[in-house]
Structure formats: C-alpha cells, structure tokens
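Reading through the structure tokens given below for one structure.
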Amino acid sequence: LELEQVQERRSAINILIKRYGPTLQDVFDLERRAKFELENIDISDEGLRNLEANVVAARTEAASLANQLSAIRSEGATALASAVTEELHGLAMAGASLLVTVVNTGDLGLHGQDEISINLSAYPGAAPRPLGKGASGGELSRIMLAIEVVLAKGKTTPTFVFDEVDAGVGGAAAIEVGKRLARLSKQTQVIVVTHLAQVAAFADNHLRVEKASDSTFTATSVRRVEGEERVAELARMLSGLGDSENARTHAAELVELSKTL
C-alpha cells in the first residue's frame, strides 16, 4: 500500500510539472504566487465588479487573439496545401492535391478555436477524403515526405528519421523520393531506412545492416559500403544479384544521377 501511495504521488507530481513546469520549483513558485493573490483578493462589491470586468476584458482579448490565429492558420493552410501539392506532383502523384481546412468551432480553448483537417483529392474531380481513407500505403508515404520537405524550409529540426518512407513505391517515383530526401539532407541530417536502391543511391553515406548467425548465436552489424562495393550492393538491391552486369550498370547510373543534385 505504501508503494502504491508513493507511485500515485509521483504521478500527481509529474502531472503538475507537465502543466506548470518545466521544473518542480516552478510548481512551488506558482503555488506561492497563487496563495498570495488569493489572500489579497478584494472581495468587496467594488472589488468583485473589477474582477468581473477583468474577466470580460480577458475573454474579449482571447477572442480577438483567437480570430487573429484563425486568420494566420487559414493563410498558412492555403500555402501549405499548395506547396505540398507541388511536391506530390514530383512524386508521381501528378493529379493529386492536398487540402488543408481550418474550421472555426466557436469553442475557445488553449490552442485557439479551430479544427484543422488534412484531406486528399487523389485525382482531378475526386472528392477530398481524409488521408487515412483517401490514400494508399505508398501514397501516404509520399504525402508524409512531401509535408516534411515543405515544413523543413521553415523550421530547424536537427534530424529526420524515415523508416521505409518509400513503402509501396517503385520505379520513377522511388527516384523522386530519393531526390527529395537528398535535398532535405542539404538542410538537416536525414537518416533513411530503405530496401530500394533508387533511394539508397542518393545517400551521402551508405550503411548496410548485416546479420550473421550460427547454431547458437545471432549477431547484427552495420557496415559502411563505398566505391565499387557500394555499386555491387546497389546492384544486389536492384536485382538480388550483386554480380549481374546489367544490375551493376544500372546501379552505377543511379550513383551518377545522385551526383547531379
């Protein structure tokens, strides 16, 4: 029972820190300020009238700021949708368009009064649908990449990690995915897990994950591949045959293509 009480207290403290922190000292400071303000509240008729006036003024200011935020969001939604749609056209989704809508719910909260939705029109004339319903797995991967590429221009994220962002993608679309990942890497560090040579070819550093095992032990290692060994690895990823001359030629072409960015 004592352990349970300690855990409950720690949980309650963590909730307070999350809400009023970031440190426990901030919580204590807030408590002292709140007690001081409570003890000094003027509860006379005039004092109550002043408090009510302050509440009205605060609500009016909050509503005004929320309206300004809604306007900024609406403007940003249009710009975001346009930029992402342009990226999608370069990712073999030529007829697709992204729509970002901002709806004023009239319910003012901590983050404003808006409900924001992201929808996809998969082809010209198609009704916009929520991303989870209007896009395939491969399309979702490309949409996510397009959004990240656009957002990266306005923020400083130290590292992006993409785990099989090319799922369901192949051919020309895979090459375009590789190009955009490479362009994104010019602004920030990008780590990509991929099984596609068309994507791996655009990497500055190509790391191969290898697994070895015997009857009693399995080990996984990561090794950097360079030069001809990298061409052979890309050829293996393309055809399953690292010694295929045709695959090696194609792999070398991909490496040369990556150098043009």
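Here the sequence shown is numbered in my numbering, starting from 32 and rising by one per residue.
Even glycine gets a Cβ: it sits at the ideal position worked out from N, Cα and C.
### Span separating the alpha-carbon of Ile149 from that of Thr132
Rounded to whole angstroms, Ile149 to Thr132 spans 7 Å at the Cα level.
### Query
Does the segment 268-282 come close enough to the segment 172-192 to have 3 or more Cβ pairs within less than 8 Å?
Judged by Cβ distances under 8 Å, the segment 268-282 makes no contact with the segment 172-192, as fewer than three pairs qualify.
### Query
Under a three-way DSSP split, which group does Leu292 fall into?
Leu292 falls in the coil class under three-state DSSP.
### Query
Just checking my contact of Val208 with Leu122 at CB under 8 Å: how many whole Å lie between their CB atoms?
With 8 Å as the limit, Val208 and Leu122 qualify as a contact, their Cβ atoms being about 6 Å apart.
### Task
Determine, using beta-carbon pairs with one atom in the segment 76-95 and one in the segment 161-170, whether at least three such pairs fall under 8 Å.
These segments do not touch.
### Query
To which residues does DSSP link Leu130 through a beta bridge?
Within the DSSP secondary-structure output, Leu130 pairs in a beta bridge with Asn150.
#### Entry: Ala278 versus Val262, Glu287, Leu288 and Asp73, residue with shortest Cα-Cα distance
Closest in alpha carbon position to Ala278, among Val262, Glu287, Leu288 and Asp73, is Val262.
### Task
Would you be able to state if there are at least three C-beta pairs under 8 Å between the segment 46-64 and the segment 109-120?
Contact check between the segment 109-120 and the segment 46-64: fewer than three CB pairs, one atom from each, fall below 8 Å, which does not count as touching.
### Query
Would Lys210 pass as a contact of Leu292 if the rule is Cβ separation under 8 Å?
Cβ atoms of Lys210 and Leu292: closer than 8 Å.
### Query
How is the alpha helix (DSSP H) around Ser9 delimited, first residue to last?
Any question about residue 9 goes unanswered here, given that the chain covers just 32 to 292.
### Task
Give a yes or no on whether the C-beta atoms belonging to Arg173 and Leu119 are separated by under 8 Å.
Cβ atoms of Arg173 and Leu119: closer than 8 Å.
### Message
Output needed for Ala299: all residues of its chain with C-beta closer than 7 Å, excluding positions within five of it in sequence on either side, in chain order.
### Response
Absent from the structure is residue 299, since the part of the chain shown begins at 32 and ends at 292.
### Task
Taking the CB atoms as reference points, tell me whether Ala205 and Gln229 lie closer together than 8 Å.
It is a contact, given that the beta carbons lie within the stated cut-off.
### Query
What residues in its chain sit with their C-beta under 7 Å from that of Asp76, if we drop five residues either side in the sequence?
Contacts found: none.
### Message
Short of 8 Å in beta carbon distance, which residues of its chain neighbour Thr18, apart from the five on each side in sequence? Order them along the chain.
### Response
Here the chain covers residues 32 to 292 and nothing more, so residue 18 does not appear.
### Query
In this structure, what does DSSP give as the bridge partners for Asn135?
For Asn135, which the question treats as bridged, DSSP gives the partners Asp145.
### Task
State the DSSP-derived secondary structure class of Gly320, mapped to helix, strand or coil.
For the chain, the structure presents residues 32 to 292; residue 320 sits outside this window and is missing.
### Query
Using the rule of at least 16 other Cβ atoms within 10 Å of the residue's Cβ for burial, across every protein chain shown, is Ser128 buried or exposed?
With 16 or more other Cβ atoms within 10 Å, it is buried.
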